Amino acid sequence: MREVLFQDTVGPRREIFIISVGKFKRNKAFSETLDQRCSYSLFFATRMAEGSLSEQLCNASACGKLSDVSNLLEKGAQPNGLNCFRRTALQVVMLGHSELIAVLLEAGADPNLPDPACGLTVTHDAAREGFIDSVRTLVKHGADVNLLDNHGNLPLHLAAKEGHLEVVQLLITRTADPQRANGKGYTSEQLASTHRKMDTATFIKEYLTTN
């Protein structure tokens, strides 16, 4: 009896099936199974294509390639799609590129998704690094400045610790409780003072005294 090979190269595993031609013609159940496997393979092919776009979008975002990001979004890349490290394009974005951040946000990227490892949002990251334009863009598009990372830090805490005065000035007026202590018991003023960011510490103290 003649045999043919059927190879599934699209699913999660490569599999080769030896099919008896005579039995294949008579076996309706096998035919239905084959149809199901074809549908299954098509599903995974679609998922692989989507994953590829998400990976490309994250890579372009991390490298600050604005035109590539725009083109990928036009091609259907999902703004909240995950890369192989389970992070979105906004979570890996070049933090100083506020225009690129705006493009992602306007496409529907969620600024409040926490990093799966440490709970940081992109606002935490931008505040810590002192990118005032990026923080301003995030706030404008609905970023929640009152979210905590896994160590109980607000974006305000991280900006104060690094002495980023402009960022602190922006965040402190939008933070529900600017006197809140982080997970180690430090307030933003204490963090600034402990790390010798005296201009920032003085500003926070004066702000809290008068507000």
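Take 1 as the starting number for the sequence shown in UniProt numbering and just add one per residue.
We treat Cβ as the ideally placed atom computed from N, Cα and C, and that holds for glycine.
Since the structure is predicted, the reported quantities are computational estimates derived from the model, not experimental observations.
Residue range of the unbroken alpha helix (DSSP H) whose run includes residue i
i	result
GLN179	No alpha helix (DSSP H) holds GLN179; DSSP gives it neither H nor E.
LEU154	Note, LEU154: premise wrong, no alpha helix (DSSP H); not H, not E.
GLN169	165–172
ARG128	122–129
ASP133	132–140
ASP68	66–74
ALA102	98–106
ALA201	198–210
SER191	Strictly speaking, residue 191 in this sequence is Leu, with Ser absent from that position. 188–194 is the span of the alpha helix (DSSP H), which, as asked, contains LEU191.
CB-CB length for residue i against residue j, believed under 8 Å
i	j	result
SER188	LEU156	5 Å
LYS205	GLY163	Actually they are not in contact, since the Cβ atoms of LYS205 and GLY163 sit about 14 Å apart, beyond 8 Å.
ASP68	ALA77	With a Cβ gap of about 10 Å, ASP68 and ALA77 do not count as contacting.
PRO111	LEU105	6 Å
ALA62	MET94	6 Å
residue 216	HIS97	The first residue shown for the chain is 1 and the last is 211, placing residue 216 beyond what the model contains.
ILE172	THR137	About 18 Å separates the two Cβ atoms, so there is no contact after all.
ASN182	HIS141	Rounded, the Cβ-Cβ distance is 25 Å, inconsistent with contact.
Own chain residues within Cβ distance below 7 Å of residue i, not counting five before or after
i	result
GLN166	In the sequence as displayed, the identity of residue 166 is Glu instead of Gln. Only ILE132 meet the Cβ criterion.
ASP144	ASN112
residue 228	Nothing in the structure corresponds to residue 228, since the chain is present only between 1 and 211.
Cβ shell of residue i (< 8 Å), same chain only, five flanking positions each side left out
i	result
ARG86	PRO116
residue 289	Residue 289 lies beyond the stretch modelled for the chain, which goes from 1 to 211, so this question has no answer here.
Residues near residue i by beta carbon distance below 6 Å, same chain, minus five either side
i	result
ASN153	ASN182
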